[in-house]
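Student:
Protein chains: 2
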Amino acid sequence: MTVIAVDANGADLGPGEVAAAARLAAAAGVEVLLFGPADQLGPSGGGVEIVDAPRSIAKEENPARAVRTVPDASIVLAARAVGEGRAAALVCNGSTGTALVAAQLHIRRAHGIHRPALAITVPVPSHPVTVLDVGANPDVRVEYLVQFAFMGAAYASTVLGVERPRVGLLSNGIEPERGSQVVIEAHEALIARSRASDVLTFVGNIEGDGVLNGAADVVVTDGFTGNVALKLIEAVSQTMLHTIRDIANASTRGKLGGLLLSGGLRPFVEEIDPEGQGGAYLLGLRHLGVVAHGSFTRQGIAKAILRARRGVEEDVVGRTHSALEAAGALRRAGVPTAS
Amino acid sequence: MTVIAVDANGADLGPGEVAAAARLAAAAGVEVLLFGPADQLGPSGGGVEIVDAPRSIAKEENPARAVRTVPDASIVLAARAVGEGRAAALVCNGSTGTALVAAQLHIRRAHGIHRPALAITVPVPSHPVTVLDVGANPDVRVEYLVQFAFMGAAYASTVLGVERPRVGLLSNGIEPERGSQVVIEAHEALIARSRASDVLTFVGNIEGDGVLNGAADVVVTDGFTGNVALKLIEAVSQTMLHTIRDIANASTRGKLGGLLLSGGLRPFVEEIDPEGQGGAYLLGLRHLGVVAHGSFTRQGIAKAILRARRGVEEDVVGRTHSALEAAGALRRAGVPTAS
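Structure representation (structure tokens):
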């Protein structure tokens, strides 16, 4: 059975909520190795094995230092369990920064990958879209963006079940000659690399509004722009929903209107709930990592664990490697990447 | 009286709509020099002087070539009227690309400015926020971002009446050490430059969601990220409104609910209508330029003309220069900017 290492620290609702999520996932057939304060996690059993690891570094301001100086932190122990083969994937909560450092150090970069990336599936109704990088690499090179395309496509096809994902390159214009210098060159490289590939279709540049209109299943960008874009999408949609709720609550007439609308709105509000997508995915490592949002409840965290299992069983790491190899986009051995 | 040069071509509703806008603005005390197909613009008079310039290059795919090869295009003649001192500012419609090229060639860069930028005021309810650059410079240097801060602040204070605008730097984290390399360095430079200035307050890095939460009056970024951000904000808010409308229209119950809510929603929908902000502003030239969105009606275009007048009367160009001089952020004479 697939074993997933889960860090119980970092969730806003506390380690108990993560333990509840682990039991939900175990009931669906996952074996969970759960690292956290044993006195808050309940007993081992039923597919959940508790490892007492009370120290949390989820709230540390300097993740790089915390991961290096607190070797018994729960996230470090969980990442090491994956790196040493005792678990097949990592699930943690809250801080993507800490997760990224711990995973890079203990799970390590996959063979031939320049840089790991952080991917998020944005719950656009009727056509979810996976955006990467959303924060791991504020500055990128052409070859990173090319690899992100194949990493994102492998994730979308294995974990989300999208057949031959359409991959777009985020830019400030749809024409190939629009964009920053690195994006213009990446566009050209992606045309060449995707020609040799049967795992993705490169649909060219897409603009900000194209992220939402179903033009692509995967959107590739640098970790600076991707992070800004993601936070904007969340903020605009949440602001709109709150504003409409406030307007509805401001008058009796509005309250009645809101009540009559709410039945129709509920499926939509649920569909755009980020919990449904399980969190952020760490791609480009030797094993998959998933970071559930700190605010998630047990349902969202359980979803993250099940997604991690699916990524393992569908071999997202192996398929990323094969696709990059077929496209000639693997980092060549002996050629170190300048940072 | 302030004379504004207006290009009648490029608006989706046609030159007649722009002529109507010019007359609305003239009624409010502006003198308009209107360039376009005279047979569609009506007679001169009442503050509007018609200049027959039927050729339009608003839809050309290659603005740089079109501006250079069609010297009698309406936008070129309008920009030249400003460059030659016959008008104090430029207003055009539709293509920011064409406007930018025509303005750079004929109005020219202001003394000491590295690069002109395109600014948009996003109609966030209760605290509009001006974002620049939203497309003129996909790649930037530190010194461009520093100048954008002062250009945006001068615009916000003169045209929008914001006293000592709070300027934020868009990044993928609020900590000073977060961001791309150029953003990290710009953060440092902005702290130093703003210390000497009494025209703006630098509030540090802001993230994507910070654009909407009132943390800053002006948000500085490169033209790549700014363009993506702007199109995302528009797309998410419009998608949300359309989805809610569709849900309301899908059932009798929903229709009634929508009807009861619509009175309360109307002011909000009007407040986030981009027409209310007059369009995109070309900053950093010897004279102000405004590009109304192609979809605008006469009200939005008239607003653009009145905003241009205000920019002239409040001396946005002179005040930008003084602020940059006081902050020691002018481009030094004789030191050309590498491109």
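Residue numbers (my numbering), protein chains in the order written: chain A, 140 to 478; chain B, 140 to 478.
We put the beta carbon where it would ideally sit given N, CA and C, even for glycine.
#1: Once DSSP output is grouped into helix, strand and coil, what is the label at Gly175/B?
#2: Who are the near neighbours of Val298/B in its chain, counting only those whose CB is closer than 7 angstroms to its CB and skipping five residues on each side?
#3: Please confirm whether Ser234/A has its beta-carbon closer than 7 angstroms to some beta-carbon of chain B.
#4: Using a threshold of 7 angstroms, state whether the C-beta atoms of Arg425/B and Ile246/B are closer than that.
#5: Output needed for Met140/A: all residues of its chain with C-beta closer than 6 angstroms, excluding positions within five of it in sequence on either side, in chain order.
#6: Can you look up Phe435/B in the DSSP assignment and give me helix, strand or coil?
#7: Secondary structure at Val338/A, three-state DSSP: helix, strand or coil?
#8: Does Arg405/B have its Cβ less than 7 angstroms from a Cβ in chain A?
#9: In chain E, which residues lie less than 9 angstroms from Gly397/B when you measure between Cβ atoms?
#10: Against Pro264/A, what residues of chain B qualify as contacts under a CB-to-CB distance less than 8 angstroms, listed in chain order?
#11: Is the Cβ-Cβ distance between Ser319/B and Asp278/A less than 7 angstroms?
#12: Using 7 angstroms as the limit for Cβ to Cβ distance, is Gly343/B near chain A?
#13: List, in chain order, every chain A residue whose beta-carbon is nearer than 9 angstroms to that of Leu172/B.
#14: What alpha helix (DSSP H) runs, 4 residues minimum, are completely inside the stretch 361-421 of chain A?
#15: When DSSP builds the beta bridges, which residues end up paired with Glu200/B?
#16: DSSP three-state label for Gly349/A, please.
#17: Since Glu373/A meets chain B, which of its residues come closer than 7 angstroms, beta carbon to beta carbon?
#18: Since Asp278/A meets chain B, which of its residues come closer than 8 angstroms, beta carbon to beta carbon?
#19: Classify Asp272/A as helix, strand or coil using the three-state DSSP reduction.
#20: Hey, out of Arg162/A, Leu339/A and Ile189/A, whose CA is closest to Ser296/A's CA?
#21: Contact criterion: CB-CB distance below 7 angstroms. Does Lys442/A meet it with respect to chain B?
#22: What are the residues of the stretch 350-374 of chain A that lie near chain B, defined by any Cβ-Cβ distance shorter than 9 angstroms?
#23: Three or more beta-carbon pairs under 8 angstroms between the stretch 152-161 of chain B and the stretch 427-437 of chain B, yes or no?
#24: So who's on the other strand from Asp191/B, going by DSSP bridges?
#25: Assess, as a yes-or-no matter, whether the stretch 195-210 of chain B is touched by the stretch 392-401 of chain B under the definition of 3 or more beta carbon pairs within less than 8 angstroms.
#26: Flag this pair as yes or no: are the beta carbons of Arg254/B and Tyr294/B separated by less than 7 angstroms?
#27: Is the beta carbon of Pro154/A less than 7 angstroms from the beta carbon of Gly175/A?
#28: Could you tell me the boundaries of the alpha helix (DSSP H) in which Thr235/B lies?
#29: Near Ala342/A, what residues of its chain come up, given a Cβ to Cβ distance below 7 angstroms and the 5 sequence neighbours on each side ignored?
#30: Kindly indicate which residue of Ala238/A, Ile259/A and Phe289/A has the alpha-carbon position closest to the one of Pro267/A.
#31: According to DSSP, Gly307/A sits in a beta bridge with which residue or residues?
#32: May I have the straight-line CA-CA distance separating Ser478/B from Val261/A, to the nearest angstrom?
#33: Could you spell out where the alpha helix (DSSP H) holding Ile229/B opens and where it closes?
#34: Cα-Cα, which of Gln377/A, Pro406/A, Thr364/A and Ala166/A is closest to Val270/A?
#35: By DSSP, does Ile330/A sit in helix, in strand, or in coil?
Tutor: In short:
#1: strand
#2: The answer, listed in chain order, is Arg446, Arg449, Gly450, Glu453 and Val455.
#3: No, no contact with chain B.
#4: Going by C-beta atoms, Arg425/B is nearer than 7 angstroms to Ile246/B.
#5: Answer for Met140/A: Glu170, listed in chain order.
#6: coil
#7: coil
#8: no
#9: Here the protein chains are A and B, and chain E is not one of them.
#10: From the beta-carbon of Pro264/A, the residues of chain B found nearer than 8 angstroms are Thr382.
#11: Contact flag set, yes.
#12: With 7 angstroms as the cut-off, Gly343/B does not count as an interface residue toward chain A.
#13: Chain A residues near Leu172/B: none, gap ~31 angstroms exceeds 9 angstroms.
#14: You should have 362-388 and 391-410.
#15: Paired residue(s): none; Glu200/B is not in a bridge.
#16: helix
#17: Neighbours of Glu373/A on chain B, chain order: Asp348.
#18: Ser319 and Gln320
#19: coil
#20: Ranking the options by Cα distance to Ser296/A, first place goes to Leu339/A.
#21: no
#22: Val350, Leu351, Asn352, Thr360, Asp361, Gly362, Phe363, Thr364, Gly365, Asn366, Val367, Ala368, Leu369, Lys370, Leu371, Ile372, Glu373 and Ala374
#23: Counting Cβ pairs under 8 angstroms, three or more are found: they touch.
#24: Under the DSSP definition of a beta bridge, Asp191/B partners with Gly175/B.
#25: With a cut-off of 8 angstroms, the stretch 195-210 of chain B and the stretch 392-401 of chain B do not count as touching, because too few Cβ pairs lie within range.
#26: No, Cβ-Cβ distance for Arg254/B and Tyr294/B is not below 7 angstroms.
#27: yes
#28: Thr235 to His245
#29: The sequence given here places Val at residue 342/A; Ala does not occur at that position. Within the same chain, Val342/A has close Cβ partners Arg305, Val306, Gly307, Ala354 and Ala355.
#30: Ile259/A
#31: Gly343/A and Val358/A
#32: For Ser478/B, the predicted structure reports a pLDDT of 44, less than 50, and the residue's modelled location is therefore unreliable. The matter cannot be settled from this model.
#33: Here residue 229/B is Leu; the residue named in the question, Ile, does not match the sequence. Taken as a continuous stretch (DSSP letters only), Leu229/B belongs to no alpha helix (DSSP H), being part of the beta strand (DSSP E) at Ala228 to Asn232.
#34: Thr364/A
#35: helix
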